Ligand SMILES: [Zn+2]
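Residue numbers (UniProt numbering): 1 to 54.
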């Protein structure tokens, strides 16, 4: 049975959310990045947590 394990969901969530998004080109960068790997801009923002809706 492949039920959705809440613990697993947390890990997946963290992996998805733990990224930085470039404000200029929208590329995803690693959380440790200070500059965009695509356009070299330092205008990065952390990806916001999405509120779960039922
Ligand atoms: Zn960029």
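Ideal placement from N, C-alpha and C gives every residue a C-beta, glycine not left out. Predicted, not measured: the structure shown is a model, and the values here were computed from it.
Query, Result
"Does the structure place the segment 34-44 close enough to the segment 10-23 that three or more beta carbon pairs sit under 8 angstroms?", "yes"
"Work out the CA separation of residue 6 and residue 45 for me, nearest whole Å.", "27 angstroms"
"What first and last residue would you give for the beta strand (DSSP E) that runs through residue 20?", "20-22"
"Start and end of the beta strand (DSSP E) containing residue 46?", "44-46"
"Any heavy atom of ligand 1 inside 8 angstroms of the beta-carbon of residue 57?", "Any property of residue 57 remains undetermined from this structure, which presents the chain solely from 1 to 54."
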